[in-house]
Structures are given as structure tokens and as C-alpha cells.
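The UniProt record's numbering numbers the first residue of the sequence shown as 1 and each following residue consecutively.
By construction, the Cβ of each residue, glycine as well, lies at the ideal position given by its N, Cα and C atoms.
For clarity, every value in this text was computed on a predicted model and none was experimentally measured.
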Amino acid sequence: MDTLPHHLLDEILFRIDHRSLAMIQCTNRSLQSHISKTPNFASEYFSRIRSSLLYIATHGCPLICYHLYGDSRSPRTVETLTQCHILGYCSGLLLLFLNKNLCVANPLTKKFRFLNHSRSKFFPTDFTLRGGRQQVIGFAVDQTDRTTPSFKIVNIKEGAVHWLRNDGSIVAFNLKTEKARLIPIRFPKELCLKTLFTAVDNNLTLISATEEVIYVYAFHNILSDPKWVLVKQIRNGVLDEKRLYSWYVEAYDGKSLVLRETILKKDYYNKHLKQVLHGYDLRANKWEVIGSIPEWSPSGLDFYQFTPSPSSVIGLDDKEGEEILACDDKRIPSVNAIMRLIYGIS
């Protein structure tokens, strides 16, 4: 491969999953040198790869599952030594709540940091999270200044936190002025019962789905003439109508959409439910089976489309102080286990 033109070599490397790429860099000095010396290789590589799927019980659990993109086998699982909640994901960072400890971690760079939340009203005890309190906690990386990105535990869209109300209107709370305003907008006329409100590339997105079609809406003109604009229609042709028990749209990141289907399986002695994950690749315009959810998993699950990122973030990669620990530090085995699950080579 050393004799290939650089642009062809890059195209080959861009098609390799991140674990294999890490192994290549460990075993081939020439390729390691090429990757490290090529400007913007990392940013281009991670912009192309598909997100993997990370999920955990909604009310917290020591067991976490991870589906690697392009791998339809059973998910990788890990059992942490303490009860774990995943409160959010953004730009390759995970916001974790481990045994009353708030932690931000980057599995790719193997950096993490425990945060002091003693003054926060959101985390006085583990019980508050089980009560659904995590639903009002957002997590974002503020990249206004590209040279000094930093993470914040809020969900930011143009400097505000957004809530979608039952009537379709949106409440925006400005973090700087500490004032709220109501955005008078209504749901699209075609809105269905299966919906998902999310953010893609810092833009608000609404998913509305039927058993036949999935509609993707983008929020336009937030300050002047707010409205939902239909940007994509996806044919929903993956459901097993004869055995269908339930289904939900679980995640969307602009590159792929994840649908969870529960089917009723019968054998000679009894009946049982099987949960299957389907993924729609927007670039290839096709459905594929991501895999199945283990039978021991609860029905209430939180899903995160995880894409690793090598970017540095203020507060996480700062080497001053003892809050930043190496990945192999034995004092925090639960964080290590989660990072090995996502990025470990096995």
C-alpha cells in the first residue's frame, strides 16, 4: 500500500472501521506516519463513518449494550460495577451518572473527568434520575470558537434550551439573558403518533412515522417565520406485519435512522417477544438489520447514535490537576469498562 497515491490510500483507510484503523497504526509505522502527517485526516475520517448504537435501560442499569456499525452480530455488552445512567451524548463525548458521580468521557482519546455537581439541584440523589429527571438534562459541545471548544451540560440551539410542548409550540430559554420565549409553531398536518424530536448538526429535527412512510422535518426560520419543512420521506418497509407487536423510531442523526421493532414469536409451548433493530442509511437509501436486542433487556431503553471524535475539549483534555485520569486508572473501573466496550480492541 506504500506505493499507492495518497488520495487512493486515504479512500481505502476511510472505509476501515475505527478499531481496525487503530490496530493498523499499531502494526504499520508507514501508515501511522501517513495518518498523523496528513492534514485533516482525522476530521475527514470521522465525518464519513456511520454512527454505532449505544443503549441502556432508561432508569439506569449496570449493563450497557453496544452495536458496532456494519456488524449485525449480537451486541457487545459490559457490566459496570455500579449503577449507570447515560444522560447524553455529543461530539464523541458521553455524559455519565455513576453511583451519584457525574462524569464526561471520550472513549476514543481515553480521557474522562468527574464533575463537581454539589450545587446542582438536578443530582441530589440517584432517586431523582429514576423519576424521569434526566429528561430535562441536555448535553452539548459549544463550538462557537473552533479553537477552544468546551462542553456544557445543556442542550444548546442558538444560545437557548428548547422544549417541545404538547400543542407543537416550542419554549426557548436563553442561557445568557435567562429569559424564555414562546415560538408559536404547530405540528405538521401529517403528524403521526410515532414521533421523535431531536437535533441534527445543531438544527432542530422532527421525525413523524407511520407503518408505511417516515417523514423527516427540519425547523426553519426560527427567529422570523418559524415552520417545519419536510426534507425527506423514507419508505417504512421493514415491519413484519403478521407478527408485529409494537415499533418505535428510536434515533436519528442525519446519516442514519434507527427503528426498533418488537415481534411476537410463537413456538409449540409458549409465546415470547423479540426486539429487532433496523437501520436506514440515508446515503445509500436502504434499510438493513442492525441486530437484535438481548431478551433480558427491559422494554424501556435509551438509544444513542455514537460517533467517536478525536477533537480536544476544554475541561476534558486539560492536563492540569488530578481530575483527569489515565484510562487504565484502577480507581474508576466502571468508566474504564464503558470506554473499552466502545473502543476496546478484542
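C-beta atoms of residue i and residue j nearer than 8 Å
i, j, result
"leucine 259", "tryptophan 247", "yes"
"proline 107", "isoleucine 342", "yes"
"glycine 291", "leucine 277", "yes"
"serine 51", "threonine 307", "yes"
"valine 200", "glycine 254", "yes"
"phenylalanine 112", "leucine 164", "no"
"tyrosine 217", "proline 184", "no"
"isoleucine 207", "asparagine 236", "no"
"serine 334", "leucine 98", "yes"
"methionine 339", "alanine 57", "no"
"cysteine 61", "cysteine 84", "yes"
"leucine 244", "glutamate 261", "yes"
"threonine 177", "proline 310", "no"
"alanine 337", "threonine 82", "no"
"residue 348", "leucine 93", "There is simply no residue 348 to check, as the chain begins at 1 and stops at 346 in what is shown."
"alanine 180", "lysine 194", "no"
"glutamine 305", "isoleucine 293", "no"
Cutoff 8 Å; reference residue i; Cβ partners in own chain excluding five residues on either side
i, result
"asparagine 221", "Lys227"
"aspartate 225", "none"
"lysine 271", "Leu264 and Lys265"
Limits of the alpha helix (DSSP H) - the one that residue i falls within
i, result
"lysine 37", "29 to 37"
"isoleucine 10", "Note on identity: in this sequence residue 10 is aspartate, with isoleucine being the wrong assignment. Here the alpha helix (DSSP H) through aspartate 10 covers 6 to 14."
"alanine 337", "333 to 343"
Residues of its chain near residue i, where Cβ-Cβ distance is below 6 Å and the 5 sequence neighbours each way are ignored
i, result
"cysteine 65", "Tyr55, Pro75 and Thr77"
"serine 36", "none"
"aspartate 10", "none"
"histidine 6", "none"
"histidine 162", "Ile170 and Ala172"
"arginine 15", "none"
"aspartate 318", "Legend: pLDDT at aspartate 318 = 49, less than 50; position of this residue unreliable, value from coordinates given subsequently. Result list for aspartate 318: empty, nothing under 6 Å."
"lysine 232", "Val216"
"leucine 68", "Ser52"
Counterpart residues of residue i in DSSP-defined beta bridges
i, result
"glutamine 233", "Tyr215"
"tryptophan 228", "Phe219"
"valine 238", "Answer is none; valine 238 lacks a bridge partner."
"serine 292", "Val276"
"glycine 88", "Leu95"
"threonine 80", "Paired residue(s): none; threonine 80 is not in a bridge."
"asparagine 106", "Lys111"
"valine 198", "It should be pointed out that residue 198 corresponds to threonine in this sequence rather than to valine. Per DSSP, Thr205."
"residue 350", "Since the first residue shown for the chain is 1 and the last is 346, residue 350 is missing from the structure and cannot be characterised."
"leucine 164", "Ile170"
"asparagine 101", "Leu98"
Beta strand (DSSP E) segment containing residue i, residue limits
i, result
"tyrosine 66", "61 to 67"
"arginine 186", "Where arginine 186 is concerned, there is no enclosing beta strand (DSSP E), given that its DSSP letter is neither H nor E."
"cysteine 192", "Segment: none, cysteine 192 is in no beta strand (DSSP E) and carries neither H nor E."
"arginine 260", "256 to 266"
"arginine 113", "111 to 115"
"leucine 96", "93 to 98"
"serine 52", "52 to 57"
"threonine 3", "Run containing threonine 3: none; DSSP gives neither H nor E here."
"glutamate 250", "244 to 252"
"residue 363", "A query on residue 363 cannot be resolved here, the shown segment of the chain reaching from 1 to 346 and no further."
"asparagine 285", "Segment: none, asparagine 285 is in no beta strand (DSSP E) and carries neither H nor E."
"asparagine 40", "From DSSP, asparagine 40 is part of no beta strand (DSSP E); its letter is neither H nor E."
"asparagine 174", "170 to 174"
Cutoff 7 Å; reference residue i; Cβ partners in own chain excluding five residues on either side
i, result
"leucine 182", "Ser169 and Val171"
"phenylalanine 303", "Leu53, Tyr55, Glu250, Ala251 and Val258"
"glutamate 211", "Asn236 and Leu239"
"leucine 63", "Thr77 and Glu79"
"cysteine 192", "Ser208, Ala209 and Thr210"
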